[in-house]
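In terms of this note's numbering, the sequence shown opens at residue 70 and continues consecutively.
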Amino acid sequence: MLIDGELVGSVSGKCFETWNPATGEVLAQVAEAGREDIDRAVGAARKAFQGVWRKTKPSDRQRLLLRLADLIERNVDELALLEVLDSGMPISLARSSLIPRAAEQVRYYAGWATKINGETIDNSAPGDFFTYTLREPVGVVGAIVPWNSPFVIAIWKLAPALAAGCTVVLKPAEQTPLTALRLGELVLEAGFPSGVVNICPGFGGEAGAALAEHPDVDKIAFTGSYKTGQSIVRASASNLKRVSLELGGKSPDIVFADADLDRAIPGTAWAMFRLSGQICCGGSRLFVEQKIYDRFLSKLSDFSASIKVGNGLNPTSEMGPLISSEQFRRVSGYIQSGLEQGAKLVCGGERLLTGDLRNGYFMPPTVFEHVKPHNKIAQEEIFGPVICVIPFKEIDEVIALSNNTTYGLAGGVWTQNVQKAHAIAKALQSGVVWVNCFNVMDPAVPFGGYKMSGYGRDSGADALEQYTQVKAVWVNVGS
Ligand code: NAI
Ligand code: MG
């Protein structure tokens, strides 16, 4: 792990294994952070925050971030390969989209480092006072991230924190520690002072919980399940640390009869099947207008069945395995519950066991129809490649159905009618709405949820603001 500028083992000497989910093979032994290691990392982050990092000029933070972005880009092949081996995602996605996007994210926040300002404020207090604000970093940030898109999500937390002048302890998911560790080496190569970034792989119940409870951590930035989100909020009460949460979803994706089906068919399929459905904003509830229901379903089924599932290292693979046997069991359990509650499989639903796929956790694109809105598969986050198709007749009906969930991360609508598009965009209770597209993201555009999908945002100026706090200064200038 990376603590205080050095690559070290754990205090206990313990290690854990990380696997390749496409083959079941062990990839590496990784140092396992316990409470003592988290203590050391938080101590180093605190020292750097009070000392060297607080004194670093904004332009120097900018330069370091730009250097890090260049290094990510220069090592894109290696980072993509590590990400594919550890998480199972397709190399095409990692190499041409996700890792380059992470570099862009770092560059975007590098730009912000020199543009974080307070204000002068005209006040009406009796007397004569000059008032201004200072926008200051919140301090030591604990970043706890998941395994579905490990590198990008780690960067989502790290880049704005560093731009704002915070220091960081990053805990990657136990399933996917490898790109985070390589990132640690790149941070050193870029020349960040010791202790500004610390990276501690380990398990949630131990290292994650220690970070969330730690009295000297000022903020937790988390992406993961709502249950872990709840336990982080409870743990945060000890010192009232700030928390931002990007949790799960059960996003609606709405297709009106007037939609351009040549776009909507692949669009709605990839809205859910990207990353094998292990995606928080996935369009898992697909509402299709009755008039085109049969035609749409048959085309969606054909398209889904044509998606190439395989080892992510194969450049033609479009969809990889699920992350673990545990996740495979979870997803299979949902498919079973769908069948038991009367839903009908249109395609997929059974593990792929042919040839090389036998040793991995491969589930093909799966589409259900005859799903009732109250069924478990229409209410709970499956986090696998499963779409539930539900017909609708009226716009008010589909709005009510769409919002009938405890989640509120994202939603999509496919229509050529501008009134309908804007009406849906306004009516959906979610932090993101995509019109005639899905899963598009950019460093400048905020991403995050309403309702039980969490609070706080990743990306954009909104995310940056959450790593800062504001101080009001009163100067008596009266004579
Ligand atoms: P999780 O939320 O438990 O894990 C995410 C991160 O939190 C990991 O780094 C983990 O080590 C850490 N963690 C776990 N328990 C913790 C604790 N008590 N204190 C602090 N940190 C802790 O998710 P898990 O178990 O990997 O997956 C379960 C389900 O969660 C999935 O099936 C999916 O529905 C959802 N999920 C959602 C994600 C999203 O992007 N919103 C990402 C991963 C999972
Ligand atoms: Mg792994």
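Here a beta-carbon is modelled for each residue, glycine too, at the ideal position from N, C-alpha and C.
Exposed is the label assigned to Lys462, since fewer than 16 other Cβ atoms lie within 10 Å of its Cβ.
DSSP, read as helix, strand or coil, puts Thr484 in coil. Where Gln538 is concerned, there is no enclosing alpha helix (DSSP H), although the beta strand (DSSP E) around it starts and stops at Thr537 to Asn545. The shortest C-alpha to C-alpha distance from Gly93 to any of Val80, Gly74, Ser156 and Ile72 is the one to Ser156. Bridge partners of Asp129 according to DSSP: none are assigned.
Shown here, Met432 sits in coil according to DSSP, grouped into three states, outside any helix or strand. Lys319 sits in coil when the DSSP states are folded into three classes, being neither helix nor strand. It is roughly 15 Å from the alpha-carbon of Asn186 to the alpha-carbon of Arg130. Under DSSP, no beta-bridge partner is assigned to Ile464.
Every residue whose Cβ sits closer than 7 Å to any heavy atom of the ligand MG is listed here in chain order: Thr87, Trp88, Asn89, Pro90, Leu96, Asp155, Ser156, Gln244 and Thr245.
Taking one beta carbon from each stretch, the stretch 308 to 323 and the stretch 520 to 534 have 3 or more pairs nearer than 8 Å; the two touch. Residue state for Arg420 is assigned as coil, using DSSP reduced to three classes. The C-beta of Ile456 has 16 or more other C-beta atoms within 10 Å across all chains shown, which makes the residue buried. Each residue's CA atom was taken as its position, placing Ala233 and Met510 some 22 Å apart.
Every unbroken stretch of the alpha helix (DSSP H) spanning 4 or more residues and falling wholly within the stretch 283 to 314 is given here in chain order: 295 to 305. Just so you know, the alpha carbons of Ala278 and Ala304 end up roughly 8 Å apart. By the Cβ neighbour-count rule, Val458 is buried, with 16 or more other Cβ atoms within 10 Å of its own. Relative to the ligand NAI, even the nearest heavy atom lies 7 Å or more away from the CB of Asn505. Shortest gap from the CB of Leu316 to any heavy atom of the ligand NAI: under 7 Å. At the C-beta level, Leu391 and Ser345 come within 8 Å of one another. Excluding residues up to 5 positions away in sequence, Thr537, Gln538 and Lys540 lie with their Cβ nearer than 7 Å to the Cβ of Glu205 in the same chain.
With 16 or more other Cβ atoms inside 10 Å of its own Cβ, Val415 counts as buried. Within the stretch 327 to 368, the complete alpha helix (DSSP H) segments at least 4 residues long are 330 to 342, listed from N- to C-terminus. In the same chain as Thr236, and ignoring 5 residues on each side of it, the C-beta atoms closer than 6 Å to its own belong to Ala114, Ala117, Phe118, Trp122, Val209 and Val265, in chain order. Annotated three-state conformation of Met388 is strand, per DSSP.
Here Leu71 is buried, its C-beta having at least 16 other C-beta atoms within 10 Å. Closest in alpha carbon position to Trp216, among Arg170, Gly196, Trp88 and Ala230, is Trp88. The three-state reading of DSSP puts Gly274 in helix, counting H, G and I together.
The beta carbons of Ala230 and Ala223 sit no closer together than 8 Å. Here DSSP, grouped into helix, strand and coil, assigns Glu450 to coil.
Closest option to Asn267, judged by alpha-carbon separation, among Arg176, Ala194 and Ala102: Ala102. Assigned with DSSP and collapsed to three states, Asp191 falls in coil, not helix or strand.
A direct Cα-Cα distance of roughly 51 Å separates Phe372 from Asp285. According to the DSSP secondary-structure assignment, Trp503 is paired through a beta bridge with Gly481. For the ligand NAI, no non-hydrogen atom lies closer than 7 Å to the CB of Arg164. Residue side-chain check: Pro215 places its Cβ nearer than 7 Å to a non-hydrogen atom of the ligand NAI.
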